[in-house]
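Chains as they are written, first to last, in my numbering: chain A, 4 to 218; chain B, 4 to 218. For glycine and all other residues, C-beta sits at the position ideal for the given N, C-alpha and C. Comments concern the structure below.
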DNA sequence: GTCTATACTTGGATAGAC
DNA sequence: GTCTATCCAAGTATAGAC
């Protein structure tokens, strides 16, 4: 089976092999797991034979690293783009915008980003070590945001809150079906719950529910 | 290497082989992953040879099923024990008690329960299908609790809130080091944040912070 | 209940032709 | 850049002795 981006006819500019391999790898690693995916599987998906993969990547590990790196790049880019043009915002608006950016980046680039959530923990040590710097960088962006929003919290509390928030957002990859990709309502719910709490069932300013219920 | 529960001398009643195999499997599966763990590894940890495992379990898959089942039993038991003796409690107290019960069960039986969090997603299909019923049952306990606490929420919102809350709690297995096992403060933080929101930095009733800061 | 020995399969990686 | 052919390692599972 061929990966179907730009492969329909020879007229559309075909995607480079290196990039195509990366795409099918992200897809397969996520769907079937890293170890369960053989290089023969990947080669088949990419329309070539196993041995040919080594012309583009030096090993299976390096291929996984490339997938995870790409995923982290998507996430960090989204965060930084969301950070622009938020100068006049309220604290909650700022939080909400970043939550939405995270969720959107997570789901719009699913094979790469969800792979990060799913595969990192069980990846070979060599792979994990290669990715840690990128991971740390992304975490530091969230830490800085939360410190800014919650200046009175201890750093331990900030860490816990960050992990809880990110954990809650990432848990959505298991079930949030973006069939028409509207993560907006869920972003609102998450941000609202994080900021105001679940017990305050909707009575805290219109901006919190602005896009939540559109009748 | 031998698993060290009750194996010091022949005087202490030795743990049965079947149970010992289960314990080392939970440990190894969590630490190294399911596929990365060979039956030879498990046998070595359990003090026997690979072939002997088949006297106790019919396959590697069944061994993983047994580990995950045990984990779910721990979790469900803890939830139901927490549910007793909570009749006169406030809503928040009830939530907090269940959060603490979940976290305590999660960390006190770590190899089994964390295995559930880590291994389920990447487990062979046959394994996943076998434990889905147990998983559903545990999720239904939380759903029922949240419905009771938040009667005005839609069922979709309840689902999202449950997944967010459980996701946040489960994320703690990656970093919460229970070196002297005090999950209490973290349970407070999670419950507080979920119920009152992160922005309300401590000004909402003493019961919320009762055990949080003990000077 | 545990051991030894082994059958059988699959996977990552390399070499050299085209 | 891709293919074919192949090497070598490792794993699950089985059979039968003790």
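Any Cβ of chain B closer than 8 Å to the Cβ of residue 171 of chain A would place that residue at the interface, and such an atom is present.
Residue 149 of chain A sits buried, since 16 or more C-beta atoms from the chains shown fall within 10 Å of its C-beta. Distance from the CA atom of residue 88 of chain B to the CA atom of residue 199 of chain A, rounded to whole angstroms, is 29 Å.
Within the same chain, and ignoring the five residues on either side of residue 83 of chain A in sequence, the residues whose Cβ sits closer than 8 Å to its Cβ are 144. For the C-beta of residue 163 of chain A, the chain B residues within less than 7 Å are, from N- to C-terminus, 189 and 192.
Under the three-state reduction of DSSP, residue 123 of chain A is assigned to coil, being neither helix nor strand.
In the DSSP annotation of this structure, the continuous segment of the alpha helix (DSSP H) that includes residue 152 of chain B starts and ends at 128-152.
By the rule that beta-carbons nearer than 8 Å mark a contact, residue 113 of chain A does not touch chain B. Residue state for residue 191 of chain A is assigned as helix, using DSSP reduced to three classes. Around residue 77 of chain A, no beta-carbon contact reaches into chain B at under 7 Å, the shortest distance being about 21 Å.
The beta carbon of residue 121 of chain B is closer than 7 Å to those of 33 in its chain, skipping five residues each way along the sequence. In the structure shown, residue 59 of chain A adopts coil according to DSSP, grouped into three states. 149, 152, 153, 155 and 156: these are the residues of the segment 141-157 of chain B whose beta carbon lies less than 9 Å from some beta carbon of chain A, given in chain order. When the beta-carbon positions are compared, residue 119 of chain B and residue 75 of chain B come within less than 8 Å of each other.
Per DSSP, the unbroken alpha helix (DSSP H) holding residue 164 of chain A starts and ends at 158-173. Following the DSSP letters along the chain, one finds residue 102 of chain A inside the alpha helix (DSSP H) bounded by residues 94-111. When secondary structure is reduced to three states using DSSP, residue 186 of chain A falls in the coil class, being assigned neither helix nor strand. Between residue 70 of chain B and residue 98 of chain B, the beta carbon gap of about 29 Å keeps them out of contact (Cβ cut-off 8 Å). With the criterion set as a beta carbon lying under 8 Å from some beta carbon of chain B, the members of the segment 89-107 of chain A are 94 and 95, in sequence order. For residue 20 of chain A, the enclosing alpha helix (DSSP H) begins and ends at 20-35. Cα atoms of residue 136 of chain A and residue 112 of chain A: separation of roughly 21 Å, rounded to the nearest angstrom. For residue 179 of chain B, the secondary structure class from DSSP, reduced to helix, strand or coil, is coil.
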